[in-house]
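Asker: Residue numbers (this note's numbering): 11 to 278.
In this text, a Cβ means the ideal position worked out from N, Cα and C, and glycines have one as well.
Let me give you the structure first, and then I'll get to my questions.
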Amino acid sequence: MDLKLENRVILVTGGASGRGASICCRIVEERGIAVILDRNASLSESLARELSPDGDRCDWLAADLTDEAATREAFAELIRRHGRLDGLVNNAGLNDRTGLDGSVAAFRQSLEGNLVQVFLVTQLAIPYLKKSTGAAIVNIASKVAVTGQGGTSGYAAAKGGVASLTREWALDLAPHGIRVNCVFPAEVWTPLYEKYLAALPFPESRKQDIEACIPLGQRMTETAEIADTTLFLLSPRSSHTTGQWLFVDGGYTHLDRAFTPPPIPSAS
Ligand SMILES: NC(=O)c1ccc[n+]([C@@H]2O[C@H](COP(=O)([O-])OP(=O)(O)OC[C@H]3O[C@@H](n4cnc5c(N)ncnc54)[C@H](O)[C@@H]3O)[C@@H](O)[C@H]2O)c1
Numbered sequence: 011m012d013l014k015l016e017n018r019v020i021l022v023t024g025g026a027s028g029r030g031a032s033i034c035c036r037i038v039e040e041r042g043i044a045v046i047l048d049r050n051a052s053l054s055e056s057l058a059r060e061l062s063p064d065g066d067r068c069d070w071l072a073a074d075l076t077d078e079a080a081t082r083e084a085f086a087e088l089i090r091r092h093g094r095l096d097g098l099v100n101n102a103g104l105n106d107r108t109g110l111d112g113s114v115a116a117f118r119q120s121l122e123g124n125l126v127q128v129f130l131v132t133q134l135a136i137p138y139l140k141k142s143t144g145a146a147i148v149n150i151a152s153k154v155a156v157t158g159q160g161g162t163s164g165y166a167a168a169k170g171g172v173a174s175l176t177r178e179w180a181l182d183l184a185p186h187g188i189r190v191n192c193v194f195p196a197e198v199w200t201p202l203y204e205k206y207l208a209a210l211p212f213p214e215s216r217k218q219d220i221e222a223c224i225p226l227g228q229r230m231t232e233t234a235e236i237a238d239t240t241l242f243l244l245s246p247r248s249s250h251t252t253g254q255w256l257f258v259d260g261g262y263t264h265l266d267r268a269f270t271p272p273p274i275p276s277a278s
């Protein structure tokens with residue numbers, strides 16, 4: 011299916027690593043123009059070079075999104091270079107494990123890094139998305155927003171905020187033809203997840219325990235599976251879909267955790 015994203019300029023925050031990198035890769039495969047906005051300049055540069063050796067399909071800008079002035083400057087540079095914006099993926103985030111026993115300053119920092127920056131980047135993008143036909147925003151939340159996780163107050167509050175803003179903005183922006191949807195991943199093997207797991211006791215058996223609870227295939231979601239859903243939501247192929255929360259998690263969030271798939275009966 012042609013996703014009709016050719017030459018569409020799409021900004022991906024946190025695009026240098028994990029699922030953000032996978033999303034950029036899919037945009038380039040669809041002949042769109044992916045623009046990475048990430049605080050990791052060297053990773054952004056090498057990914058952009060790998061995806062688009064000629065530089066025409068993948069561009070990058072470096073900024074820490076918790077630095078408002080740097081983010082505004084990077085966004086202005088994006089517009090100077092490309093002159094337009096057709097899509098935005100609010101993907102950057104960090105599960106910093108700020109729990110109930112953390113300081114108020116750490117909680118604020120978690121909200122800055124996972125929620126406030128989403129507001130800022132979206133606000134910067136809106137004037138340009140309004141000028142595009144069929145523009146779309148995809149927010150990346152987390153199943154933690156609806157299930158909780160324990161020990162991650164800041165991250166959970168922020169991702170809950172991202173989910174709520176999706177519905178708020180879908181209403182605000184519908185009159186301008188801009189769609190806003192939210193993807194909820196659960197367990198995806200990325201550098202962020204690896205770091206999170208390494209900080210827990212018994213990381214290996216914890217991984218196996220989690221996988222055993224995922225009904226579809228007893229495995230973690232692949233970054234490419236998050237990317238494919240995100241691309242569909244960016245594409246005019248989902249032209250009447252807005253304000254939706256889409257869980258890409260092999261059934262982990264909503265199906266019975268003790269579920270074990272029964273053997274498939276043979277056709278004969
Ligand atoms: N990995 C999982 O299991 C999982 C599950 C649910 C939700 N998520 C969410 O998916 C998104 C991507 O996660 P990932 O697993 O691909 O992570 P990752 O660590 O592999 O990549 C995140 C990228 O975002 C960038 N980034 C983070 N904070 C930034 C900031 N303040 N300014 C600029 N860049 C910043 C990092 O440099 C990195 O390149 C995040 O929003 C995360 O919360 C991940």
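For Ala135, which residues from the same chain have a beta carbon less than 7 Å from its beta carbon, with the 5 sequence-adjacent residues on both sides left out?
Answerer: To locate residue 135, count along the sequence shown from 1; it is residue 125. Same-chain partners within the cutoff: Leu21, Leu95, Leu98.
Asker: Verify the contact flag: Ala167, CB atom, against every heavy atom of ligand 1, threshold strictly below 8 Å.
Answerer: Translated into the one-based positions of the sequence shown, residue 167 becomes position 157. Result no, Cβ not under 8 Å from ligand 1.
Asker: Quick check: the Cα distance between Gly42 and Gln133, rounded to an integer number of angstroms?
Answerer: Here residue 42 is taken as the residue at index 32 of the sequence shown, counted from 1. Here residue 133 is taken as the residue at index 123 of the sequence shown, counted from 1. C-alpha separation (whole angstroms): 22 Å.
Asker: Are three or more beta carbon pairs between the stretch 255 to 263 and the stretch 144 to 157 nearer than 8 Å?
Answerer: Between the stretch 255 to 263 and the stretch 144 to 157 there are three or more C-beta pairs closer than 8 Å, enough to call the two in contact.
Asker: Which residues does DSSP pair with Arg189 in a beta bridge?
Answerer: For the purposes of this step, residue 189 is taken as the residue at position 179 of the sequence shown. BP columns for Arg189 point to Ala146.
Asker: Whether or not the stretch 57 to 67 and the stretch 22 to 42 are in contact is what I'm after, with contact meaning three or more pairs of Cβ atoms, one per stretch, closer than 8 Å; do they touch?
Answerer: yes
Asker: Answer yes or no: the CB of Arg82 versus the heavy atoms of ligand 1, is any distance below 8 Å?
Answerer: By 1-based counting over the sequence shown, the position of residue 82 is 72. Incorrect: Arg82 has no Cβ contact closer than 8 Å to ligand 1.
Asker: Assign Phe257 to one of two classes, buried (16 or more other C-beta atoms within 10 Å of its C-beta) or exposed (fewer than that).
Answerer: Here residue 257 corresponds to residue number 247 of the sequence shown, with the count starting at 1. Buried.
Asker: What residue range is occupied by the uninterrupted beta strand (DSSP E) comprising Phe212?
Answerer: By 1-based counting over the sequence shown, the position of residue 212 is 202. Counting along the chain, Phe212 falls outside any beta strand (DSSP E), and DSSP gives it neither H nor E.
Asker: Using DSSP's beta-bridge definition, name the partner residues of Val19.
Answerer: If you number the sequence shown from 1, residue 19 lands on position 9. In the DSSP output, where bridge partners are listed per residue, Val19 has Ile43.
Asker: State yes or no: is the C-beta of Gly176 within less than 9 Å of the C-beta of Val198?
Answerer: Looking up residue 176 in the sequence shown gives position 166. Looking up residue 198 in the sequence shown gives position 188. Here the sequence assigns Thr to residue 176, which means Gly is not the residue at that position. Against a cut-off of 9 Å, the Cβ pair of Val198 and Thr176 comes out as no contact.
Asker: Pick out whichever of Leu130, Ala73, Thr162, Gln127 has its Cα sitting closest to the Cα of Asp111.
Answerer: Position 101 of the sequence shown holds residue 111. Nearest option by C-alpha distance: Thr162.
Asker: Can you check whether the CB of Leu88 is closer than 9 Å to the CB of Arg247?
Answerer: As a working mapping, residue 247 is identified with position 237 in the sequence shown. As a working mapping, residue 88 is identified with position 78 in the sequence shown. Not in contact: Arg247 and Leu88 (Cβ atoms no closer than 9 Å).
Asker: Since Tyr203 and Asp106 are thought to touch, with beta carbons under 8 Å apart, how far apart are those beta carbons, to the nearest angstrom?
Answerer: As a working note, residue 203 is residue 193 in the sequence shown. As a working note, residue 106 is residue 96 in the sequence shown. Contact doesn't hold; Cβ gap of about 14 Å is too wide.
Asker: How is Ala166 classed by DSSP in three states: helix, strand or coil?
Answerer: The residue labelled residue 166 in the question sits at position 156 within the sequence shown. DSSP places Ala166 in helix when its eight states are reduced to three.
Asker: From His186 to Val193, what does the alpha carbon distance come to, in whole angstroms?
Answerer: The count along the sequence shown starts at 1 and reaches residue 186 at position 176. The count along the sequence shown starts at 1 and reaches residue 193 at position 183. The C-alpha of His186 lies about 22 Å from the C-alpha of Val193.
Asker: If I measure Cβ to Cβ from Asp74 and keep anything under 7 Å in the same chain, skipping five residues before and after, which residues do I get?
Answerer: Mapped onto the sequence shown, residue 74 falls at position 64. Around Asp74: Arg49, Ala80.
Asker: Let's see if you can read the secondary structure: which residues bound the alpha helix (DSSP H) around Asp238?
Answerer: Here residue 238 corresponds to residue number 228 of the sequence shown, with the count starting at 1. Where Asp238 is concerned, the enclosing alpha helix (DSSP H) stretches over 233 to 244.
Asker: Can Ala135 be considered in contact with ligand 1, in the sense that its beta carbon sits closer than 8 Å to one or more heavy atoms?
Answerer: For the purposes of this step, residue 135 is identified with residue 125 of the sequence shown, where counting begins at 1. For ligand 1, no non-hydrogen atom lies closer than 8 Å to the CB of Ala135.
Asker: Given a cut-off of 9 Å on the beta-carbon distance, is the pair Leu130 and Glu78 in contact?
Answerer: Numbered from 1 along the sequence shown, position 120 holds the residue referred to as residue 130. Numbered from 1 along the sequence shown, position 68 holds the residue referred to as residue 78. Yes, they are a contact pair.
Asker: In chain order, which alpha helix (DSSP H) runs of at least 4 residues are fully inside the stretch 38 to 117?
Answerer: 51 to 61, 78 to 92
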